[in-house]
Each structure stands twice: as C-alpha cells, then as structure tokens.
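Numbering-wise, the sequence shown is residues 733 to 1203 according to my numbering. Ideal Cβ placement from N, Cα and C applies to all residues, glycine included. Please read all numbers here as calculations on a predicted model, not as lab measurements. To start, the structure under review is shown below, and the notes come after it.
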Amino acid sequence: YASQPHMTAQSRPAPVQQPISAPAMESVTVMGPAAAPRSGGDGNIATSMLRILRPGRPADAPPGSVKIGRATDNDIVINDVLASRHHATLITTAGPPEAAEIRDNRSINGTFVNGARVDDATLTDGDTVTIGNVDLVFRGGTLVRRTETAADTATGGLEVHGVTWTIEGNKTLLDNISMSARPGTLTAIIGPSGAGKSTFARLVAGYTHPTEGQVSFEGHDVHAEYASLRSRIGMVPQDDVVHGELTVRQALMYAAELRLPPDTNKADREQVVNEVLEELEMTKHLDTRVDKLSGGQRKRASVALELLTGPSLLILDEPTSGLDPALDRQVMTMLRQLADAGRVVLVVTHSLTYLDVCDQVLLLAPGGKTAFNGPPSQIGSELGTTNWADIFSTVAGDPDSAKRRYLERHGPPPPRAATQQPADLGSPTRTSVRKQFSTISRRQMRLIVSDRGYFIFLAFLPFIMGALSLS
733 YASQPHMTAQ SRPAPVQQPI SAPAMESVTV MGPAAAPRSG GDGNIATSML
783 RILRPGRPAD APPGSVKIGR ATDNDIVIND VLASRHHATL ITTAGPPEAA
833 EIRDNRSING TFVNGARVDD ATLTDGDTVT IGNVDLVFRG GTLVRRTETA
883 ADTATGGLEV HGVTWTIEGN KTLLDNISMS ARPGTLTAII GPSGAGKSTF
933 ARLVAGYTHP TEGQVSFEGH DVHAEYASLR SRIGMVPQDD VVHGELTVRQ
983 ALMYAAELRL PPDTNKADRE QVVNEVLEEL EMTKHLDTRV DKLSGGQRKR
1033 ASVALELLTG PSLLILDEPT SGLDPALDRQ VMTMLRQLAD AGRVVLVVTH
1083 SLTYLDVCDQ VLLLAPGGKT AFNGPPSQIG SELGTTNWAD IFSTVAGDPD
1133 SAKRRYLERH GPPPPRAATQ QPADLGSPTR TSVRKQFSTI SRRQMRLIVS
1183 DRGYFIFLAF LPFIMGALSL S
C-alpha cells in the first residue's frame, strides 16, 4: 500500500457520504403507543436450544401479507447481507386502523421493534423495525426506510451526553464526558496515561454501561438497544486478532462464515470479502499469509474483519501502536478514507503527528475529564500552545483545573433526555451449532497444516509415543 501525503482539514474535500441505497419497495398499504411484543425471542432454555440446533421453517404467511428480506422476490427488499433471504413478514391485523403485525421468520440475526428483539409484535404508527443494519419506520400504514434527514430520528451519527463511569463505589474513571460525531467524521481520542481513553472507547462501543449519562447512535440508545445495534458497531482492539498462519482470503472467509447468515452462499461471502478488501486497498494481498504482512497491512486485515458486517460506527484502540512514522501515516490515511465513505470513526491513539487528518480531537485528562474537544486547528487558541509535551504535562498535573477551564470556555452541556433502562448485551445470533463447529474445525485444521513444524510433530507423535511405551 503506497503511503499518501496527509491533508489538512482545509485542503481535504468534504466527506462524501455513501449510505446504502434505498431498497426497492412497493407501497405497503396496511391498516394502522409502543409495539407490543407477543412472544419475545428469549423463551425458555429448552426452546432456545431447539431453535439454535434446529431452526425449522417459518410458518406460511396468510394471503395479502408483505414479505421482507434480502432476496429479490420479497415485497420489501433489504439490501443488507445481515438480513436473511426471507427475514420477516408484515401481516394486516383486525385491530385499530393503521396497525399491523410484524412476524420474524426465525431469522439468524433477528427482527427488532424499537430496539427489542421479537418473534412477532403489533406495530403502530412511528414504530421502528430494525433488520440487519437497516431501520424501517411504520408510518401511515406503510413501512418506509428511515433517513437521517427525516423526522424519524433526532440525530444522525454518535451522541455522547454526560457519560460518567464509577467503579468500586467512588473511583471515577470517566467524568461527565459529552461529545458528538456526525457521519463522515474522524475523531481522535488522546490524552496522557490513565486518562481513560480505552475505557471510553469500550463504553461507546456498548461493552460497558455508564454509571450516568447516555450514548446514542443513529437515534438509538446504544446500551438500551444494544442487541439491535451490535452489528453497526465495529471495535478493532489494539492487538491484531487475525490468525497469522492463514492467508488474508482464508481468514476473512472463515470469519464471514461465522458472522454472516447461514443462508449466504460462498459467492455471497466472497463478494462481501472482495468489497471490503477493495475498499481497504488490500486486494493484492489476498493470498498473502497474515504473518508476512507489514504492521500497517496487518492492521488493515484486522479492520477488514469488522467491516464484514458493514458497521457505520468504527472504533479503533491504538491502531498505530508500535508502527514507524510511515506506517502510522498509512493507517491514519486509511481511517480518513473510511470516514469519508460515510462512517463515524473514533481512534484512540498516542500518536500526535497526523491529527490534522482528523475532524475533531477529544483530549482527556487523568480521571476521564475533558480538557479539549474540537477541531485540531483550535488547539493552540484554546490551550495556549501547540506543544503536546507542555499540554500533556499541564493536564496530567492538574486534571481538575483542565476540566474547569474547558467548562469555562464552552459551558456545561444542555440537560439530556431521561436515560432508558440499560439492556444486557443481547443474546448471540441463532447460528447453527453444527455450522459453527464445522467452520471452526476447518479453520483449526488449516492452522495446523499451515504450521509445518507443528504439523510434522503431530504426525510423528503417535509413533514417538508408541516407541516410548515399548522402551
């Protein structure tokens, strides 16, 4: 991957958002408070295990119902690989006007109504149905695609409001942090050691619940509706998670088998993998072993794993750690391109050289206190210097003063809406246990064969053990 010169915020062209094109829909006219689930997706343990082991076939839809799914023979086509071919059915009810029933067809990734996974539920005007990464709004007796500019959502992108996280009763790791990030933006999270940068990233990703405050993404509460949002959020850890003994193609194809619905065929998965690698400019390394890639290319491979499910929020924890300046620039340029494609990208980093490719910088002081939040071009005017050694020394020496000065410049954030009751992380997708076992077994065999020394050792091990038993 050829390195590209970094661009300043002034010279960089405006981000080009590329939302998924609206699916081809027929007008769905059906007769129409919050959706009322009739039977949730949890059930008892025995029922859940039966569904996992033997998903079965969906019940026949009554005449006049509307089919929803990824296949082109549906009435509403969901152009998302996470949607099953025949994912759900919309059925006219005999209830109040402009009401209908949504019925999940035992899909792998589930059907969600207002953030809650359901098997079937009664819809009324304004309810949001989530299938894969696509939101549909039931309005005027019709399911329509929700758009960021419509009144269906109060905000687009990421909104963090008054987030505080306290452990052991009184130890505050994050202290009333607020920020927002629109689609098409790249945000750097920086600060001295102990500032809670990675802690903040994990909280935004939904891995931990805030003690106070709220995180919302695309109009959804991340923690109250996590099960319906998990596929929209990609978290790339600091350590590379791709098996080094596999080629890039093999690693991504096995990951696609595990992450994408089982009704996707090999051609579907190959298309997704090829699109991801093309976006990351990794196509020429398709058949290269991961452990033969450079540090920057290995980081791209880790990012590719997360992009398989099409997340619109991508969070990276120290992606440039241990890289030389040239590879550092490559990674930051890649993140800029991922953001310009319409995603919200957050990057936790210790590297300060290429912050000018970011749209905004969140500087945290020890204890998770906000010391600065804004465009990189305003750092000098707000903090009095652009010397990062001086800035880090100041905020680390007196975090409370750094937070107080920030609040004096910007004032406290406006009051937030009431926080919803946090939900758990949601149930795993209903992937066949047999399919998972098959995929993981084949991947493990590939790993053993790829490590020639280990493979030879295993091949001769029975003979060695036999010889030892005879001696």
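Option nearest residue i by Cα separation, candidates the options
i: Asp-1072; options: Gly-951, Met-1197, Glu-1011; result: Glu-1011
i: Ala-1121; options: Gln-1069, Thr-1085, Val-876; result: Thr-1085
i: Ser-1133; options: Ile-1111, Gly-1112, His-1142, Lys-1101; result: Lys-1101
i: Ser-912; options: Asp-1091, Arg-962, Gln-1110, Gly-1198; result: Asp-1091
i: Ile-863; options: Ser-960, Leu-905, Arg-914, Lys-799; result: Ser-960
i: Arg-1001; options: Lys-1024, Leu-1037, Gly-976; result: Leu-1037
i: Thr-898; options: Ala-820, Gln-1069, Phe-932, Ile-808; result: Phe-932
i: Gly-951; options: Gly-976, Thr-896, Gly-889, Val-974; result: Gly-889
i: Arg-878; options: Asn-997, Asp-1130, Val-861; result: Val-861
i: Val-947; options: Ser-910, Asn-1105, Gly-928; result: Ser-910
i: Pro-1057; options: Val-973, Pro-1145, Gly-1027; result: Gly-1027
i: Leu-1070; options: Gly-916, Ser-925, Lys-903; result: Gly-916
i: Arg-914; options: Phe-844, Ile-922, Val-892, Asn-997; result: Val-892
i: Leu-905; options: Thr-943, Ile-1196, Leu-875, His-819; result: Thr-943
i: Gly-1106; options: Val-876, Ile-922, Thr-843, Leu-868; result: Ile-922
i: Val-974; options: Ala-999, Arg-1021, Asn-997; result: Arg-1021
i: Ser-814; options: Ile-1196, Ala-1199, Ile-834, Arg-962; result: Before going further, note that residue 814 is Leu rather than Ser in the sequence given. The option with the nearest alpha carbon to Leu-814 is Arg-962.
Presumed contact (8 Å Cβ cut-off) between residue i and residue j, rounded CB distance
i: Pro-1043; j: Arg-934; result: With a Cβ gap of about 15 Å, Pro-1043 and Arg-934 do not count as contacting.
i: Met-1014; j: Arg-1032; result: 5 Å
i: Gly-945; j: Gly-894; result: 4 Å
i: Leu-1045; j: Phe-949; result: 6 Å
i: Leu-918; j: Val-1077; result: 5 Å
i: Gly-976; j: Asp-1023; result: 3 Å
i: Val-798; j: Asp-805; result: No, Val-798 and Asp-805 are not in contact; Cβ-Cβ is about 12 Å, not under 8 Å.
i: Asp-859; j: Asn-846; result: 6 Å
i: Ala-927; j: Leu-1096; result: 4 Å
i: Thr-843; j: His-818; result: Actually they do not touch by this definition, with Cβ atoms about 12 Å apart.
Contacting residues, own chain, Cβ-Cβ under 6 Å from residue i (five flanking each side not counted)
i: Leu-1048; result: Val-968, Val-1079
i: Ala-937; result: Ile-965, Met-967, Ile-1047
i: Val-866; result: Ile-810, Asp-812
i: Ser-1083; result: Thr-1052, Asp-1060
i: Thr-940; result: Arg-934
i: Asp-972; result: Arg-1030, Ser-1034
i: Ala-1150; result: Residue confidence for Ala-1150 is low, a pLDDT of 45 falling below 50, so the modelled location carries little weight and cannot support an answer.
i: Lys-795; result: The sequence given here has Pro at residue 795, not Lys. Answer for Pro-795: no residue qualifies.
i: Thr-1126; result: none
Cβ shell of residue i (< 8 Å), same chain only, five flanking positions each side left out
i: Asp-1019; result: Thr-979, Val-980, Arg-981
i: Ser-816; result: Gly-801, Arg-802, Asn-837, Ser-839, Ile-840, Asn-841, Pro-993, Asp-995
i: Leu-1040; result: Leu-984, Ala-987, Ala-988, Arg-991, Leu-992, Val-1004, Val-1005, Val-1008
i: Arg-1141; result: Glu-1114
i: Gly-1112; result: Thr-1118
Own chain, CB closer than 7 Å to residue i, minus 5 neighbours either side, in chain order
i: Gln-970; result: Asp-1049, Glu-1050, Ser-1053
i: Leu-1087; result: Ala-920, Val-1093, Pro-1108
i: Ser-930; result: Asp-1049, Val-1080
i: Leu-1115; result: Phe-1104, Ile-1123
i: Arg-1136; result: none
i: Ser-1201; result: none
i: Val-1063; result: Gly-1028, Lys-1031, Pro-1051, Thr-1052, Leu-1055
i: His-1017; result: Val-980, Leu-1025, Gln-1029
i: Pro-1098; result: Pro-924, Gly-926, Ala-927, Ala-1128, Pro-1131
i: Asp-896; result: Contrary to the premise, residue 896 reads as Thr rather than Asp in this sequence. Only Thr-904, Leu-906, Asp-907, Asn-908, Pro-942, Thr-943, Glu-944, Gly-945 meet the Cβ criterion.
i: Lys-998; result: none
| task | Ignoring anything shorter than 3 residues or poking outside the stretch 911 to 959, list the beta strand (DSSP E) runs there in chain order. | result | 917 to 922, 944 to 949
| message | My parser needs the beta strand (DSSP E) runs of 3 or more residues fully inside the stretch 1040 to 1111; what are they? | response | 1045 to 1049, 1076 to 1080, 1092 to 1097, 1101 to 1106
| field | Every unbroken alpha helix (DSSP H) inside the stretch 967 to 1007 [4 residues or more] | value | 980 to 991
| Hey, which unbroken runs of the beta strand (DSSP E) at 3 residues or more fall wholly within the stretch 828 to 885? | 832 to 836, 843 to 845, 848 to 855, 860 to 863, 866 to 871, 874 to 877
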